[in-house]
Each structure stands twice: as structure tokens, then as C-alpha cells.
Amino acid sequence: MTLITWLRHQSRPMLVLTLLGIFAGLFAAFWLLFHFVRPAPPRTVTIAAGTEGGAYAMFAERYRAALAREGIELVIRPTSGSVENLRLLKTDPAIDLGFVQSGIAVEPESEDLMSLGSMYVEPVWIFHRLGQTPTRLTELAGRRLAVGSPGSGTQLFALQLLAASGFAVDAKGLLALDDNAAAEALLAGDIDAAFIVAAPEAPVVQRLLERPEIGLVDLAQAPAFARRLPHLTPLTLPAGALDLAHVRPAHDVRLLGATAGLVARQDLHPAIVSLLLLAARDIHGRPGLFQHVGEYPQAGGRELPLSPTARRFHESGPPLLQRYLPFWLAVLVDRLLVSLLPVVALLIPLMRITPALYAWRMRSRIYRWYGELKFLESDIARHFEPQRTEDYFAHLDRIEEQANRRKVPLAFANELYTLREHIQLVRRSLLRKAQGGH
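If you count the sequence shown from 1, position 86 lands on 85 in numbering that gives the first Met the number 0, and the numbers rise without skipping.
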């Protein structure tokens with residue numbers, strides 16, 4: 000018997016109660032799944048950016064504008080840089096994601112974090128005002144050097160490079176200045192050189208590159224540094240890359256670079272991850288001094304596990320629904336699908352079991368009457384007492400009345416008719432015994 004056939008043969012109260020029970024159970028299951036298995040993405044996300052006016056803050060503003068178009072508020076938390084960003088991600092539950100440079104995050108210390116991929120290249124700019132271009136860091140010995148503020152990736156990388164070149168990390172003349180303060184001091188002549196790790200688009204980098212009295216250290220040993228510090232990569236700033244007409248720089252400049260990535264807590268909603276990476280394509284996918292169009296964002300980075308959502312995005316593009324639907328509609332449809340699948344999986348066996356249970360229930364009632372009839376027939380055959388004839392007929396009438404009163408679907412009508420025939424057979428047999436007994 001199919002579910003449709005079964006429903007068709009139910010009485011109206013039974014049908015209403017059955018359907019109400021089924022729908023109430025399914026609604027409860029759906030509600031639980033909808034709210035707890037795939038909750039809605041948050042309306043507010045907090046990002047740890049860098050210093051105000053730096054590259055991280057600049058890019059964070061672009062992300063904020065992109066997310067605002069989809070109804071998500073991105074709160075920007077100013078920090079001193081990558082090292083502090085990573086610390087906040089580990090210790091402050093209010094921080095959802097942040098910019099972190101390659102080589103800073105280390106497992107298992109960051110086991111609760113995941114990478115969304117590498118967003119762009121961050122050169123290690125070593126600006127100077129020494130006149131003649133240095134080609135080795137040892138040429139900066141005894142000079143006043145800005146090495147970045149505490150908690151910044153700039154300071155971490157600067158001290159790593161200087162230590163590899165034989166400098167003492169507490170040497171006199173190493174000044175802990177942030178990027179903006181270092182630029183001001185360099186332009187004022189208060190220091191001789193400054194380490195700045197930032198994207199070429201960063202205002203502080205652009206400002207220094209435009210000043211003719213400020214030059215760049217041409218690191219002849221860049222490949223050797225990259226071997227010692229594998230999170231850094233040799234880069235080349237081609238001659239004329241800054242100004243083709245006036246050929247600035249006048250020759251190729253060898254640099255080192257890290258990659259800036261987005262790192263998030265592992266509980267960041269997958270829909271937010273996809274939305275961030277869609278924005279990253281527009282923000283970081285353009286050609287630049289050190290990258291080709293569409294080269295970034297990419298799945299690079301070995302320090303942290305890549306988010307499963309980010310991995311699918313980098314391999315196959317944005318989720319199917321987000322390609323064709325507005326963000327919140329895509330999220331709603333996705334949640335509905337995820338919530339409905341278990342309900343459908345539950346409904347399919349339920350649609351098969353319910354008619355079978357009903358068939359068993361109907362047959363069990365008919366078989367119960369058969370049991371009564373068989374017991375009565377056996378009693379008459381073995382222990383017939385003429386004085387009880389009226390009781391025998393009354394018992395038969397009760398069984399027949401119950402069978403006649405019960406409405407059954409057509410599928411069981413044949414069994415009910417057979418029961419009635421058997422009742423008549425027992426009645427005729429009883430009648431013969433009663434007549435023979437007189």
C-alpha cells in the first residue's frame with residue numbers, strides 16, 4: 000500500500016491527526032537543524048589590522064566597504080602589526096580574523112586558527128639616505144636604523160635579517176619606530192635607514208619611493224637570506240618600474256618579501272569566509288609591482304591549515320549559490336538545503352513505514368476477531384452445551400457487529416468479507432448443533 004492510498008482511506012479526524020503529527024515532528028526537526036546545524040552568519044565581524052595609515056588598515060577599509068554592500072559590518076581593530084594580530088587571534092574571542100605575514104604563525108601554537116590564503120606580496124623595504132647604495136646589511140653597521148615597532152612583523156623580520164648578518168639584536172642605534180614615525184625620522188635626517196614591511200600601495204611606502212633623496216638597499220644576498228629564512232622570498236624591483244620616463248629606479252633592485260595572508264579563527268562562518276575571498280579577488284587580484292593579474296589571492300602558506308571553505312574557493316571558485324544569488328539569499332537557500340536533507344532522509348523511510356504499520360494495525364484487528372471466532376468455534380465443537388446456545392449466538396453477533404462497524408480501506412475489504420463468511424459458517428454449524436440437540 001502506498002502512502003497516498005493509505006491517506007485516501009483514512010477518516011477525516013484520523014487523517015488530520017496523522018498529518019498534524021507528521022508535520023509537527025518534521026517542523027521541530029527542521030527548526031533544530033536550521034538553527035543549530037547551520038546557523039546564520041553573523042552580522043558583525045572584527046578584523047585585526049595594523050597601524051592607522053598602514054597597508055593593513057588601508058586594505059581593511061576596502062574589505063569593510065565590500066562587506067557593507069552585503070549587510071555585514073566589519074569592525075577594524077588597530078594594532079601594531081602582524082605579531083599583535085596573531086596574539087589577539089589566539090587570546091581575544093572578539094577578534095575573528097586578521098592580517099598575518101608568512102613565517103609568524105607556528106603550529107601547534109596556533110592550532111585554533113586557519114588560513115584563508117595568501118593575499119599579496121609584502122616586500123621588506125630597506126630605505127636609506129646614505130647617498131651610495133648599500134648592497135649588504137653589514138654596510139649599515141653603526142648607523143641609526145628604524146626596525147619597526149614591538150608587535151609588528153617589520154620588527155620581527157628586521158631583527159631576523161640583522162641577526163643573520165651578525166648584528167646584536169640589542170645593538171645601539173636600533174630604534175623601535177612604527178612605519179609612519181620611521182618615515183618622518185628618515186625624511187628629517189634623524190635616522191640613516193628604516194625597515195618597512197608593507198605593500199607597495201601603502202601610503203608610507205609611496206611617500207618614500209617618491210622622494211629623490213631616499214634610496215633602497217639593493218640586497219645582493221637576497222637569495223642567501225631566503226635559504227636561511229624560508230618564509231622570505233627574493234624579489235626584484237625592475238629598473239623603471241616606478242617611473243619609466245625617468246627610469247626610477249635606475250637599475251634592478253634586489254629585495255626580500257613575505258606574503259600577507261588572512262588568518263581567521265576556526266569557528267568563522269563559512270559564508271563569511273567565501274564573502275571575504277570574493278572581496279579579496281577584487282582587492283588583491285590586480286597587477287602590481289610584484290604580481291601578475293589574478294595571481295592573488297592564492298592558497299599559499301604552510302604555517303597554518305587552510306580553511307576547507309577557502310580550499311574549495313581557491314580550487315573551484317565561489318560557492319555555486321553565491322555565483323548567481325545575492326549573498327543573504329544564497330545563505331538562506333544553503334541553510335534550507337542543509338536543514339532539509341536530513342528531514343527528507345527521515346521522511347523517505349517514514350513514508351514507507353507508516354503504511355506498513357497501518358496495514359499491520361488493520362490486520363491485527365481482523366486477526367483478533369478471527370482469534371475470538373476460532374476460540375468460540377473450538378468451544379462449541381468440544382464443549383457444546385445446549386443450554387448455552389443463546390450465549391453462543393450472542394457472542395457471534397458481537398463479533399459480527401464489531402466487524403460490520405469497523406470501516407477498513409478497500410485493500411482490507413476482502414479479509415473483512417472473508418471474516419464475515421466464516422462467522423456465517425460458524426453460525427450455521429451452531430444452528431445445526433442446536434437443532435440436532437432438540
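We put the CB at the ideal spot given by N, CA and C, even for glycine.
Note the first and the last residue of the continuous beta strand (DSSP E) segment covering Ala47. First-last of the beta strand (DSSP E) with Ala47: Thr43 to Ala47.
If Trp124 and Leu215 are in contact, beta carbons under 8 Å, what's the gap, nearest whole angstrom? Going by Cβ atoms, the distance from Trp124 to Leu215 rounds to 7 Å, so yes, they are a contact pair.
Would you list, in sequence order, the uninterrupted alpha helix (DSSP H) runs of no fewer than 4 residues that lie entirely inside the segment 57-121? The qualifying runs are 81-90.
Proximal residues to Ala162 (C-beta, below 7 Å), its chain only, five neighbours per side dropped: Within the same chain, and ignoring the five residues on either side of Ala162 in sequence, the residues whose Cβ sits closer than 7 Å to its Cβ are Val168.
Within a Cβ cutoff of 8 Å, which residues of the same chain sit near Leu429, ignoring the five residues on either side of it in sequence? Excluding sequence neighbours, Leu429 sits near Ile379, Thr388, Tyr391, Phe392 and Leu395.
Evaluate the contact criterion for the segment 281-288 versus the segment 242-256: three or more CB pairs, one atom per stretch, below 8 Å. Contact between the segment 281-288 and the segment 242-256 is absent, because fewer than three Cβ pairs lie under 8 Å.
Sequence-distant residues of its chain with Cβ nearer than 7 Å to Met118 (five each side left out): Cβ-Cβ distances below 7 Å link Met118 to Ala259, Gly260, Leu261, Ala279, His283, Tyr295 and Pro296 in the same chain, with the five nearest sequence neighbours on each side left out; the list follows chain order.
If you reduce the DSSP assignment to three classes, tell me which class Leu424 lands in. Here DSSP, grouped into helix, strand and coil, assigns Leu424 to helix.
Alpha carbon of Gly165 to alpha carbon of Ile271, nearest angstrom: When rounded, the distance between both Cα atoms is 45 Å.
Measure the alpha-carbon distance for Ala182 versus Ala193 and round it to whole angstroms. Across the structure, Ala182 and Ala193 are spaced so that their CA atoms are roughly 7 Å apart.
For Pro237, which option in Asp217, Arg226 and Glu60 has the closest C-alpha, if you only look at C-alpha atoms? Per the Cα distances, Asp217.
Neighbourhood of Ile213 by C-beta, 7 Å cutoff - its chain only, sequence neighbours within 5 removed: Within the same chain, Ile213 has close Cβ partners Phe126, Arg128, Leu185 and Leu207.
Counting pairs of Cβ atoms below 8 Å between the segment 91-104 and the segment 129-149, do you hit three or more? Taking a contact to require three or more Cβ pairs closer than 8 Å, the segment 91-104 and the segment 129-149 do not qualify as touching.
I'd like to confirm the pairing. Which residues does DSSP put opposite Leu429 in its beta bridges? Per DSSP, Leu429 has no beta-bridge partner at all.
Own chain residues within Cβ distance below 6 Å of Glu51, not counting five before or after: Once the five neighbours on either side are set aside, the close Cβ partners of Glu51 are Pro77.
Report the three-state DSSP secondary structure of Gly256 (helix, strand or coil). In the structure shown, the three-state DSSP call for Gly256 is strand.
Considering only DSSP beta bridges, list what Leu174 is partnered with. DSSP output for Leu174 lists Ala145 as bridge partner(s).
If you check the beta carbons only, do Asn84 and Val74 fall under 7 Å apart? When the beta-carbon positions are compared, Asn84 and Val74 stay at least 7 Å from each other.
For Ile439 and Ala59, I'd like the C-alpha separation in whole angstroms. In the structure displayed, the chain extends from 0 to 437; residue 439 sits before or after that span and is not available.
Element boundaries [beta strand (DSSP E), containing Pro199]: Unbroken run through Pro199: none, as it is neither H nor E.
Within the continuous alpha helix (DSSP H) that includes Leu274, where are the two ends? Taken as a continuous stretch (DSSP letters only), the alpha helix (DSSP H) holding Leu274 covers Pro269 to His283.
DSSP state of His127 mapped onto helix, strand, coil: His127: strand per DSSP, three-state reduction.
Starting from Thr388, trace the alpha helix (DSSP H) both ways and give me its first and last residue. Run containing Thr388: Thr388 to Arg404, per the alpha helix (DSSP H) assignment.
Cβ-Cβ separation, Leu305 to Gly116 (assumed contact under 8 Å), whole Å: Sure, about 7 Å apart at Cβ, within 8 Å.
Under the rule that 16 or more other beta-carbon atoms within 10 Å means buried, what is Asp177, buried or exposed? With a 10 Å radius around the Cβ and a threshold of 16 neighbouring Cβ atoms, Asp177 comes out buried.
Other residues of its chain near Ala93: CB distance less than 7 Å, five sequence neighbours each side excluded: Scanning its chain for C-beta atoms nearer than 7 Å, with the 5 sequence neighbours on each side dropped, one finds around Ala93 the residues Thr45, in chain order.
When you compare only the Cα positions, how much space is there between Gly147 and Leu324? Put simply, the backbone Cα of Gly147 is about 44 Å away from that of Leu324.
Starting from Pro233, trace the alpha helix (DSSP H) in both directions and tell me its first and last residue. Boundaries around Pro233 are those of the beta strand (DSSP E), Thr232 to Leu236, since no alpha helix (DSSP H) includes it.
Tell me, to the nearest whole angstrom, how far the beta carbon of Ala475 is from that of Ala54; I am working on the premise that it is less than 8 Å. Since the first and last residues shown for the chain are 0 and 437, residue 475 lies out of range.
As a quick exercise: from Ile398, Gly256, Val246 and Tyr62, pick the residue whose alpha carbon is nearest that of Arg226. Arg226 has its Cα closest to that of Gly256, out of Ile398, Gly256, Val246 and Tyr62.
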